[in-house]
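Enquirer: Protein chains in written order, with the numbering used here: chain A, 1 to 405; chain B, 1 to 129.
The beta-carbon is built from N, C-alpha and C at its ideal position, and this holds for glycine as well.
I'd like to ask you about the structure that follows.
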Amino acid sequence: MTQAGLLARPWVPAGILLLGSLSTLVGLAWDVQWHSDVGPDTFFTLPHLFIYAGSAVSGLVSLAVVLTATAATRAGHRVDTAVGGRPVAVFGVFQAPLGYLVSGVGAAVFLLYGLWDEWWHGIYGFDAIIASPPHVGLLTSVMLVMIGSVMTCAAAAGQAWARAALVGSVVMLIGFSMVVLVALPPWGAVDGQAATLALISMTALVCVASFTRSLVTTAVTAWVLVATQVAFSFFSPWATRLYAVAEGLPIRDYNDGLPRLPMLMPATLPLGAAAIVLAVLLLRGRTAAAYAVGGALGGAALAATFPWQPLLFGGMPSPAAGAQRSRRSRRGRARCGRRAAGRPAGRGAAPPPPGRGGGGLRCAASSSGWSRPACCSPPRPRPPHRTTRRSRSCTRNASPSGRTR
Amino acid sequence: MAGARPAVARLTFTPDTGIEQVDGTLVVFTPSGEEDNLRRPADVDGLPRHPRQPDVWGLDVFALDAPGDWTFTLGLDGPEGAGTAVLTVPVLEQPGPPLALSWLVSTVPLLLILGLLGVAAARGGPVST
Numbered sequence: 001m002t003q004a005g006l007l008a009r010p011w012v013p014a015g016i017l018l019l020g021s022l023s024t025l026v027g028l029a030w031d032v033q034w035h036s037d038v039g040p041d042t043f044f045t046l047p048h049l050f051i052y053a054g055s056a057v058s059g060l061v062s063l064a065v066v067l068t069a070t071a072a073t074r075a076g077h078r079v080d081t082a083v084g085g086r087p088v089a090v091f092g093v094f095q096a097p098l099g100y101l102v103s104g105v106g107a108a109v110f111l112l113y114g115l116w117d118e119w120w121h122g123i124y125g126f127d128a129i130i131a132s133p134p135h136v137g138l139l140t141s142v143m144l145v146m147i148g149s150v151m152t153c154a155a156a157a158g159q160a161w162a163r164a165a166l167v168g169s170v171v172m173l174i175g176f177s178m179v180v181l182v183a184l185p186p187w188g189a190v191d192g193q194a195a196t197l198a199l200i201s202m203t204a205l206v207c208v209a210s211f212t213r214s215l216v217t218t219a220v221t222a223w224v225l226v227a228t229q230v231a232f233s234f235f236s237p238w239a240t241r242l243y244a245v246a247e248g249l250p251i252r253d254y255n256d257g258l259p260r261l262p263m264l265m266p267a268t269l270p271l272g273a274a275a276i277v278l279a280v281l282l283l284r285g286r287t288a289a290a291y292a293v294g295g296a297l298g299g300a301a302l303a304a305t306f307p308w309q310p311l312l313f314g315g316m317p318s319p320a321a322g323a324q325r326s327r328r329s330r331r332g333r334a335r336c337g338r339r340a341a342g343r344p345a346g347r348g349a350a351p352p353p354p355g356r357g358g359g360g361l362r363c364a365a366s367s368s369g370w371s372r373p374a375c376c377s378p379p380r381p382r383p384p385h386r387t388t389r390r391s392r393s394c395t396r397n398a399s400p401s402g403r404t405r
Numbered sequence: 001m002a003g004a005r006p007a008v009a010r011l012t013f014t015p016d017t018g019i020e021q022v023d024g025t026l027v028v029f030t031p032s033g034e035e036d037n038l039r040r041p042a043d044v045d046g047l048p049r050h051p052r053q054p055d056v057w058g059l060d061v062f063a064l065d066a067p068g069d070w071t072f073t074l075g076l077d078g079p080e081g082a083g084t085a086v087l088t089v090p091v092l093e094q095p096g097p098p099l100a101l102s103w104l105v106s107t108v109p110l111l112l113i114l115g116l117l118g119v120a121a122a123r124g125g126p127v128s129t
């Protein structure tokens, strides 16, 4: 029996799902940059609109496909597995194509974590860091949505559009997933960020290689990721500054302007693709063992190169790849030479009482947090402002990661 | 993860002469004695202007992620000489639910992803279209 609507054209819902993922990725790259360069704001910002609209679109198209597939099944039609994969019975009522079930569940869970995030902000106030528990729940929910998108593209294998869509969906999944790196604590001797980046990236790339059995597609996926990284490296700082000007908000002092999310994406992913190609050639076949060896080799290459990746963006490499808190102790700091905060001892001046600076410093505190009226004030010209830098002998490392504090 | 409510307070600092003629520095130490650069690059001590009130210095939103006494040492150097002010900020224990419980709830989607990958690895095979 013939099918109509969404089920007759698998590329329509899969394309909408891809657009939802793209919207979320754009919004995330923009939002991370906004929080880094400009500061906290209300919920109603353009980057948030992109993020939440992307999830809403993904959830709605998934729901539409599930309902359509359920109706078609009840009418006696067989649902083509090219529409999201094999249908799965849910609650004994619905027939949900697996890819759309996964993306729909991810979108629904995203809403729940959005509510929890709202409650979290009620306790702690504005976002001070990305890596709060509700944020991690939100971000991994989106990863689930994007995995569903990958599945819908993979399920349509053989159709003209499916290969390109699969590459795009995997690239967006990898690029987006890197934001979870900021939530990882130090692992001691192991660089947890580099290890996790390698694991996620190579798992995705090996899946592409083993599913498509095409080394060319594998390499193309890696290079498209790099192209995406380059594009977002320009986009996110540019969009942030443009939006700040439009809103009349200044850029933070001492902001390095480095592209936050793109700096977390694996720029050396082509090395991972090359490792898979090498393993397939050496082991003479596209076997599971070849993919495993290639994945391990590629992962090692990614983990080894990631700490040096900030050099590509004008940042400084760091073994910790992101720890912004200096590990200097008070004693170590005392050896760092002349500095305004430490001058009185050197000059024999008695420190003023706490809360009152020697230059007549007034401290004003408002426990009410950030007020919107101040944010809405007209733009003021930035006065020439002297910056105070430490002597180079006191520096330890720069912070290349997107970890915002 | 996050400190007590004072971490999100708006704190601004204004010398009598304004910020134009004066150098300001801020050095922050955690209760354990480590230096925290807040949002500034590692080699910068300077006081940043408040991100929503750029005519004065001000502390940004950041997490005081350990209970105890945090030390904020403010330094000024201007026409009237140099001076410092030391603010001790007591941070209470984290409010809200236990952090381990929060992380457990938050990792449910991650566990779903791992479960999905596990099932795919165990039952995966060629897709028939």
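Give the residues of chain A in contact with Gly96(B), contact being defined as C-beta atoms less than 8 Å apart.
Expert: Result: Trp120, Ile123, Tyr124.
Enquirer: Output needed for Ser210(A): all residues of its chain with C-beta closer than 6 Å, excluding positions within five of it in sequence on either side, in chain order.
Expert: Correct list, in chain order: Tyr291.
Enquirer: Give a yes or no on whether the minimum CB-CB distance between Val38(A) and chain B is below 9 Å.
Expert: Interface residue, yes.
Enquirer: State buried or exposed for Leu302(A), treating a residue as buried only when at least 16 other CB atoms are found within 10 Å of its CB.
Expert: By the 10 Å Cβ count, Leu302(A) comes out buried.
Enquirer: What does the Cβ neighbour count give for Ala279(A), buried or exposed, with the cut at 16 atoms within 10 Å?
Expert: With 16 or more other Cβ atoms within 10 Å, it is buried.
Enquirer: Suppose you measure from the CA of Arg252(A) to the CA of Leu38(B); what does that come to, to the nearest Å?
Expert: Their backbone Cα atoms lie some 12 Å apart in a straight line.
Enquirer: Distance, Cα to Cα, Arg52(B) vs Pro250(A)?
Expert: Distance between the alpha carbons of Arg52(B) and Pro250(A) is about 7 Å.
Enquirer: Would you mind stating whether Arg72(A) and Leu17(A) have Cβ atoms separated by less than 9 Å?
Expert: The amino acid at residue 72(A) is misidentified as Arg; the sequence shows Ala. Cβ atoms of Ala72(A) and Leu17(A): not closer than 9 Å.
Enquirer: In three-state DSSP terms, what is Arg39(B)?
Expert: Arg39(B): coil per DSSP, three-state reduction.
Enquirer: Using a Cβ-Cβ cut-off of less than 7 Å, list which residues of the stretch 59 to 93 of chain A approach chain B; keep chain order.
Expert: If the cut-off is 7 Å between Cβ atoms, the stretch 59 to 93 of chain A has Thr81, Ala82 near chain B.
Enquirer: Identify the continuous alpha helix (DSSP H) that holds Gln435(A) and give its terminal residues.
Expert: Lying outside 1 to 405, the shown extent of chain A, residue 435(A) is not represented and no answer is given.
Enquirer: I'd like the span of the alpha helix (DSSP H) that includes Val22(B), first residue to last.
Expert: Element bounds for Val22(B): n/a, residue is neither H nor E.
Enquirer: Using the DSSP secondary-structure output, state which residues sit across from Gly27(B) in a beta bridge.
Expert: Correcting the residue identity first, residue 27(B) is Val in this sequence and not Gly. Partner(s): Thr73(B).
Enquirer: Could you tell me how far apart the beta carbons of Gly299(A) and Met202(A) are, in whole angstroms, since I believe they sit closer than 8 Å?
Expert: Rounded, the Cβ-Cβ distance is 4 Å, consistent with contact.
Enquirer: Who are the neighbours of Tyr254(A) on chain B, taking C-beta pairs under 8 Å?
Expert: The contacting residues are Arg39, Arg40, Pro41, Val44, Gly46, Pro48.
Enquirer: Closer than 7 Å by beta-carbon distance: list the chain B residues that pair up with Thr140(A), in chain order.
Expert: Simply Pro109, Leu110, Ile113.
Enquirer: Quick check on Gly114(A) - is its C-beta less than 9 Å from some C-beta in chain B?
Expert: Cβ-Cβ to chain B under 9 Å: no for Gly114(A).
Enquirer: From Pro270(A) to Ala219(A), what distance separates their C-alpha atoms?
Expert: The straight-line gap from Cα to Cα measures roughly 6 Å.
Enquirer: Are the CB atoms of Met265(A) and Phe232(A) nearer to each other than 9 Å?
Expert: Against a cut-off of 9 Å, the Cβ pair of Phe232(A) and Met265(A) comes out as a contact.
Enquirer: Are the C-beta atoms of Leu99(B) and some chain A residue less than 9 Å apart?
Expert: By this cut-off, Leu99(B) is an interface position.
Enquirer: Counting pairs of beta carbons, one from the stretch 34 to 50 of chain A and one from the stretch 76 to 89 of chain A, are three or more of them closer than 8 Å?
Expert: No, because fewer than three Cβ pairs between the stretch 34 to 50 of chain A and the stretch 76 to 89 of chain A fall closer than 8 Å, the two stretches do not touch.
Enquirer: Considering only the alpha carbon of each residue, which of Leu98(A), Leu115(A), Tyr100(A) lies closest to Val105(B)?
Expert: When each option's Cα is compared against that of Val105(B), the closest is Leu115(A).
Enquirer: Taking the beta strand (DSSP E) that Thr84(B) belongs to, which residues open and close that run?
Expert: Its beta strand (DSSP E) spans residues 81 to 91.
Enquirer: If we call anything under 9 Å between Cβ atoms a contact, is Val145(A) one with Ala107(A)?
Expert: For Val145(A) and Ala107(A), yes; Cβs fall inside 9 Å.
Enquirer: When we look at the beta-carbon of Thr287(A) and count the other beta-carbons within 10 Å, is it buried (16 or more) or exposed?
Expert: When all chains shown are included, Thr287(A) counts as exposed.
Enquirer: So the candidates are Ser169(A), Ser214(A), Ile276(A), Gln193(A); which of them puts its Cα closest to the Cα of Leu225(A)?
Expert: Per the Cα distances, Ser169(A).
Enquirer: Which of the three DSSP states, helix, strand or coil, is assigned to Leu114(B)?
Expert: In the structure shown, Leu114(B) sits in a helix (DSSP, three-state: H, G or I).
Enquirer: Can you find a CB in chain B that lies within less than 9 Å of the CB of Ala292(A)?
Expert: Chain B, which has no Cβ nearer than 9 Å to the Cβ of Ala292(A), makes this no.
Enquirer: Cutting at 8 Å between CB atoms, please list the residues of its own chain near Trp120(A), excluding the five before and the five after it.
Expert: Around Trp120(A): Ser132, Pro133, Pro134.
Enquirer: Is it true that the stretch 27 to 34 of chain B meets the stretch 57 to 72 of chain B, where meeting means three or more beta-carbon pairs spaced less than 8 Å apart?
Expert: Result yes; three or more Cβ-Cβ pairs closer than 8 Å.
Enquirer: Grab the span of the alpha helix (DSSP H) containing Ala204(A) for me, first residue to last.
Expert: Segment 192 to 212, the alpha helix (DSSP H) holding Ala204(A).
Enquirer: When we look at the beta-carbon of Arg362(A) and count the other beta-carbons within 10 Å, is it buried (16 or more) or exposed?
Expert: In this predicted model, Arg362(A) has a pLDDT of only 44, less than 50, meaning its place in the structure is not dependable; the value taken from the coordinates is given anyway. Its Cβ having fewer than 16 others within 10 Å, Arg362(A) is exposed.
Enquirer: Ile147(A) touches chain B at which residues, Cβ-Cβ below 9 Å?
Expert: In chain order: Ile113, Leu116, Leu117.
Enquirer: Chain A beta carbons: is any one of them nearer than 9 Å to that of Ala63(B)?
Expert: Yes, contact with chain A.
Enquirer: Using DSSP bridges, identify the partner residues of Arg157(B).
Expert: Limits of chain B in this structure are 1 at one end and 129 at the other, which puts residue 157(B) out of reach.
Enquirer: Mapping the DSSP letters down to three states, classify Ala8(A) as helix, strand or coil.
Expert: Three-state DSSP puts Ala8(A) in coil, outside helix and strand.
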